[in-house]
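Notes to accompany the following structure.
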Amino acid sequence: MANNIAKKVSWSGEGTPLLNGAEESRYSGQPSGGNMFHIGRMSTVDLEEEAITAEEQDPVRHRPSEIPHNENLLSLKYESLDYDNSENQLFLDEERRMSHMSFRCLEISRWFICGLIGILTGLIACFIDVVVEKLAGLKYDVVKENIEKFTEDGGLSVSLILWVVLNSAFVMFGAIIVAFIEPIAAGSGIPQIKCYLNGVKVPRVVRLKTLLVKVCGVICSVAGGLAVGKEGPMIHSGAVVAAGVSQGRSTSLKRDLKIFEYFRRDTEKRDFVSAGAAAGVSAAFGAPVGGVLFSLEEGASFWNQMLTWRIFFASMISTFTLNFFMSCYKGKLGELSNPGLINFGGFTLESVQYSIYEIPLFIIMGAIGGLLGALFNVLNYWLTIFRIRYVHRRCLQVMEAMLVAAVSATVSFTMIYFSTDCQPLKDSSQEYSLQLFCADGEYNAMATAFFNTPEKSVRSLFHSPPGTYNVQTLGLFTLTYFFLACWTYGLAVSAGVFIPSLLIGAAWGRLFGILLSLVFPSKITIWTDPGKYALMGAAAQLGGIVRMTLSLTVILVEATGNVTYGLPIMLVLMTAKIVGDYFIEGLYDVHIKLQSVPFLHWEAPATSHWLTAREVMSSPVTCFRRVEKVGTIVDVLSAMSTNHNGFPVIMQAGTDDEPGKLCGLILRSQLIVLLKHKVFVERAHSQLGRRRLRLKDFRDAYPRFPPIQSIHVSQDERECMMDLTEFMNPTPYTVLQETSLPRVFKLFRALGLRHLVVIDEGNTVMGLVTRKDLARYHLGKHGLLEEMDLAHP
Amino acid sequence: MGFFTSYSCVLFVFFCGNLMLGEISVHAAEPSGDEDLKAPWLNEDSYFPSLRLSSSFPEDVEMIDHCLKLLHDFGQRYTSLSSCLVSNARPVKMCQNCYSGYNNFLEMYTNISTQMGSGNKSCEELLLHADRLMLLYNLYKGLNDIWESAECTSCLTNKSMSNTTLYFIDRHNQSLTCFEKYSQGNYSELCVECKTSYKVLNDLYSNMSKNKSLCIDVEDAMNSTRYSWSKVYNCSLTREENVPVIAVSSFMLFLPLIFYLSNYLHSEQKKRKLMHPKRAKSSHSLMNIQDKYS
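Line by line, the protein sequences are chains A and B. Residues 1 to 793 in full-length UniProt numbering are what the first sequence lists, from first letter to last. Residues 1 to 294 in full-length UniProt numbering are what the second sequence lists, from first letter to last.
Have a look at this one:
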């Protein structure tokens with residue numbers, strides 16, 4: 001399986017055994033330099049040669065073969081998705097067979113699936129919300145009762161220990177299922193979905209098991225009092241739901257409903273996954289338009305108007321499913337006013353209006369948010385590197401998560417214990433208010449921020465009337481929560497970073513507002529309400545950390561339900577992004593880099609026009625002839641060093657020396673299905689009554705094609721021949737050797753290609769460009785073009 | 001005279017129609033006003049002589065009298081309720097002392113709004129919705145809003161004080177007596193002596209708060225008691241066990257340090273195996289990038 005997953009289209013493995021049956025493969029690569037490569041001496045000789053030449057030219061190039069993990073690596077673990085449709089003979093046959101009516105049906109089933117995605121995502125959001133509320137409520141009730149009991153009798157350290165133990169227990173469960181069952185479910189899942197929509201096949205990211213672990217994990221980590229939110233994981237959950245529903249079967253459960261078979265390929269699945277991600281955002285924030293724009297912003301290399309409309313449909317359904325079931329849960333059946341897991345509440349009061357002279361203030365807040373966000377990202381970057389290098393054993397990861405939970409509880413408790421900020425109790429708006437050493441009838445203001453689920457704290461910071469928090473409380477809270485959140489992100493628990501960012505931002509934003517009214521103690525009523533500054537602070541902080549622009553603006557506007565805040569929120573996010581980008585990338589991009597994903601950005605790096613396809617491509621290329629011997633194919637596929645995924649098919653040349661002319665491209669997965677069904681030329685003649693292979697046979701094997709080792713080919717069969725004409729893609733995309741890197745990049749990014757064959761004027765295969773060839777170029781710190789290293793997983 | 005009656009009847013219909021539409025028609029009112037001034041049945045028994053109610057219902061004198069009577073009573077009950085509220089404003093005892101007044105007032109208003117006169121015209125139309133100001137209605141609404149925001153109804157059962165409230169008032173008085181008794185001497189003595197009665201009161205209050213049977217009287221009484229207990233007599237709890245809390249929390253904060261340090265020292269650093277790509281050799285290889293730029 002590992003052999004199958006790891007995709008290296010044209011890389012030679014280091015120190016790998018020599019290829020068997022090398023003489024049967026055709027190599028058309030004949031680089032202009034004149035060095036002829038032969039597979040027989042590929043690994044070792046090739047390496048040595050390169051090393052020697054490198055040493056001669058530049059001693060820096062001679063790298064050790066093992067280095068500590070860093071951000072400038074590309075992992076071989078990641079494959080590309082096949083977004084390019086293979087227009088082979090089978091495909092054409094199927095298209096001919098399909099009637100006009102069945103195309104109509106396909107369109108209708110696309111809509112139906114989108115509706116289903118919306119409903120299921122909404123239900124999951126609802127489930128998470130209810131369970132978190134119940135569990136957290138239970139925990140806070142127990143702790144509160146305990147604290148109340150011990151405040152009087154003494155022995156509050158016991159309450160502290162109780163709180164710590166409860167937190168750690170929840171988090172331990174969450175971390176164990178993540179670390180031991182499905183590590184890909186860790187974190188918010190947004191980086192992974194971003195990669196998926198970008199065209200990278202992240203292993204196991206859209207499996208049912210991932211979804212289950214994700215949902216349970218997020219419940220545990222939020223109930224466990226970590227500085228996390230449940231919104232980010234909703235996006236991942238939505239994506240998994242979409243990928244599952246659209247296939248009409250579950251490989252994990254071994255159930256095949258025999259429906260939606262047409263959608264069993266990467267192109268269709270990607271469209272549904274973007275709908276699922278949108279539905280997730282929309283359920284999380286009650287922001288259907290924001291969800292659509294999120295999909296557009298994060299994964300929009302492939303987009304059209306009908307797809308947008310369908311995604312919007314899925315988003316709307318999702319948010320209103322959540323709405324409807326939350327209204328059932330709250331006993332107000334049919335009252336559709338609970339959109340989103342987090343509800344910012346309406347900013348409609350007179351006192352939260354803003355006027356034009358406040359806009360510079362908002363921009364200043366945006367800059368602060370950008371700075372703090374960059375600081376957050378830098379700290380988290382170092383922490384993550386440390387984690388990858390040193391905390392990579394699973395039990396250590398669980399322990400770390402438990403420690404963070406324990407420290408979160410301890411810090412919260414200490415803050416509450418030593419806080420002297422007592423505020424008169426207003427009608428029971430704070431659910432878990434603690435009195436502690438405050439006078440009777442008052443409550444501890446620090447406790448409303450710490451002794452609560454983060455969502456409720458955010459809402460309290462936005463909407464509590466002026467004077468609810470004093471300056472010292474907010475300052476301390478911002479400081480501690482900043483470090484807690486930064487420490488928490490990247491643990492082996494499923495958890496999002498949206499809510500903690502909002503909370504940090506809301507705290508310092510409110511502080512900003514309060515300071516403003518202290519500095520200008522005039523009667524200008526517009527400065528009296530710190531709530532809107534809290535909102536702007538939250539926007540600035542979130543923008544500074546994740547650096548989303550368009551979609552985040554719309555999400556925040558939708559979550560507040562106030563369109564007039566659109567302008568200031570946009571300005572704040574713009575400033576935060578500009579300031580933050582000066583120092584470091586967004587948090588998600590940092591994590592994508594640290595996971596060594598070959599991620600393609602929008603554009604090729606600037607100043608790369610002088611690079612041509614010849615320098616970028618991998619060469620020589622393993623090719624197959626149009627009619628190839630089965631033995632050869634099996635050998636190439638099972639060789640450790642060539643776990644390539646696409647093989648150019650070349651025209652039969654007269655002699656072996658002559659370079660072959662390109663006539664098609666065939667994928668590893670196709671070859672495996674062909675071998676499995678034993679589609680050999682000899683057999684076709686002997687068994688005339690045999691059913692012809694159809695596209696369905698390829699789809700049934702999707703997405704988990706069996707590894708080559710599981711296919712038994714007898715000695716006799718090895719001598720058979722296989723005709724690839726019918727199955728290969730006869731018109732793969734090609735470029736000439738002289739094409740510049742940005743041009744290749746654009747083609748790759750816009751079409752979602754996986755392989756791009758480089759040819760010369762005579763249509764001879766010169767090399768192959770894949771995602772990793774392009775993703776390795778990036779602009780270094782000083783504006784120089786740098787190349788990333790490839791590393792084994 | 002017959003002519004006159006029929007004339008005013010026509011005018012009446014016209015005027016009434018305008019009233020029904022809720023707008024004041026100056027043109028229609030002026031001529032009829034002139035006629036009305038001369039009407040003989042105008043100024044006799046009416047409580048407010050200047051009120052020209054009769055213009056609306058000229059043929060139903062009995063009905064108007066009845067409504068004016070109601071109006072009069074309404075005024076009296078309004079006055080007595082307001083004065084009761086004002087005199088019970090501080091400390092708040094409005095629910096205990098004014099509930100009968102409120103009940104009377106409410107009854108009066110219900111009378112006005114439900115009682116039907118003859119000819120399908122009720123006093124409601126005549127008194128409550130006849131003009132833009134809707135004075136009576138707004139007066140009623142003002143008092144009613146005050147009553148509702150005070151949540152007096154949660155302290156009342158069947159229009160009299162509920163048992164819990166009475167019990168609370170009793171306990172409250174006990175606490176106050178206790179405070180008075182010890183407030184001369186040392187406050188610390190008070191804190192010890194009155195603790196039980198105060199605690200009973202406090203618990204009772206929390207219970208009532210859970211059952212949502214709080215009204216402003218109870219809340220205010222409790223607030224002031226709590227204030228004197230915590231702020232005047234300084235009896236609230238103090239931080240006494242800083243040491244154990246600090247000890248436990250510093251232990252907890254110390255754990256991650258040990259964890260990370262031991263990981264750094266003992267855990268094997270994860271190395272990534274590099275692999276070298278197959279590349280075509282050419283003069284423009286990327287190895288030369290550095291050279292190009294330097």
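Glycine included, every Cβ here is placed at the ideal spot set by N, Cα and C.
- DSSP places Pro233/A in the uninterrupted alpha helix (DSSP H) bounded by Gly232 to Val245.
- Contact annotation: Leu201/B and Met208/B have beta-carbon atoms that are not nearer than 7 angstroms.
- Interface flag for Pro91/B against chain A is unset, since no Cβ pair is found closer than 7 angstroms.
- If you compare the alpha carbons of Gly142/B, Ile64/B and Trp147/B with that of Asp217/B, the shortest gap goes to Trp147/B.
- Residue pairing by DSSP places Phe624/A opposite Val649/A in a beta bridge.
- Residue pairing by DSSP places Tyr443/A opposite Gln423/A in a beta bridge.
- When 9 angstroms is used as the limit between beta carbons, His792/A is near these residues of chain B: Arg272, Lys273, Leu274 and Met275, in chain order.
- Taking a Cβ-Cβ cut-off of 9 angstroms, Tyr137/B has no neighbours in chain A, whose nearest Cβ is about 27 angstroms from it.
- In this structure, Gly248/A is the residue among Gly248/A, Gly513/A, Asp266/A and Ile499/A with its C-alpha nearest to the C-alpha of Phe260/A.
- Contacts with chain A (Cβ-Cβ distance below 7 angstroms) from the stretch 183-208 of chain B involve Asn202, listed in chain order.
- Its Cα nearest to that of Thr632/A, the residue Asp723/A stands out among Tyr588/A, Asp723/A and Met574/A.
- Of all residues in the stretch 616-629 of chain A, only Met617, Ser618, Ser619 and Pro620 come within less than 8 angstroms of chain B when Cβ atoms are compared, listed by chain position.
- Along the stretch 219-245 of chain B, going in chain order, the ones with a CB nearer than 7 angstroms to a CB of chain A are Asn223, Arg226, Trp229, Ser230, Lys231, Ser236, Leu237, Thr238, Arg239, Glu240, Glu241, Pro244 and Val245.
- Note that the stretch 65-78 of chain B touches the stretch 120-138 of chain B; at least 3 beta-carbon pairs, one per stretch, sit closer than 8 angstroms.
- Residues of chain A with a Cβ closer than 9 angstroms to the Cβ of Phe259/B are, in chain order, Val391, Leu396, Met399, Glu400 and Leu403.
- Here the alpha carbons of Phe705/A and Ala136/A stand approximately 43 angstroms from one another.
- Taking a contact as a CB-CB distance under 8 angstroms, the pair Phe324/A and Leu307/A does not count as one, their CB atoms being some 26 angstroms apart.
- For Leu255/B, the chain A residues whose C-beta falls within less than 9 angstroms of its own C-beta are Leu403, Ala406 and Val407, listed in chain order.
- Residue range Val765 to Thr770 is occupied by the beta strand (DSSP E) that includes Gly767/A.
- A contact between stretches requires three or more CB pairs, one per stretch, nearer than 8 angstroms, and the stretch 281-290 of chain A fails this requirement with the stretch 528-543 of chain A.
- Each of Val245/A, Phe477/A, Asp581/A and Asp773/A was checked against the Cα of Leu375/A, and the nearest Cα belongs to Asp581/A.
- Gly229/A is bridged by DSSP to Gly496/A.
- Contact check for Arg394/A and Tyr702/A: beta-carbon distance about 31 angstroms, past the 8 angstroms limit, so the pair fails to qualify.
- Nearest CB-CB separation between Leu371/A and chain B: not below the 7 angstroms threshold.
- Cβ contact annotation for Thr151/A (same chain, cutoff 8 angstroms, sequence separation greater than five): Gln435, Leu436 and Phe437, in chain order.
- Across the stretch 78-89 of chain B, no CB contact with chain A closer than 8 angstroms is found for any residue.
- Sequence-distant Cβ neighbours of Gly334/A in its own chain, meaning closer than 8 angstroms and more than five residues away, are Phe324 and Ser327.
- Ala227/A sits away from Val273/A, with the two beta carbons spaced by 7 angstroms or more.
- Put simply, the backbone Cα of Val744/A is about 49 angstroms away from that of Arg510/A.
- Gly115/A and Pro191/A have their C-alpha atoms spaced approximately 25 angstroms apart.
- Our two residues, Asp65/B and Thr468/A, have alpha carbons roughly 56 angstroms apart in a direct line.
- No Cβ-Cβ contact shorter than 7 angstroms links Leu535/A with Thr553/A.
- Val200/A places its beta carbon less than 7 angstroms from that of Val597/A.
- As the crow flies, the alpha-carbon of Leu211/A is around 8 angstroms from that of His236/A.
- Note on Tyr565/A: 16 or more other CB atoms within 10 angstroms of its CB, so buried under the neighbour-count rule.
- By the criterion of a C-beta distance shorter than 6 angstroms, Lys330/A is surrounded by no residue of its chain, once the five residues flanking it on both sides are discounted.
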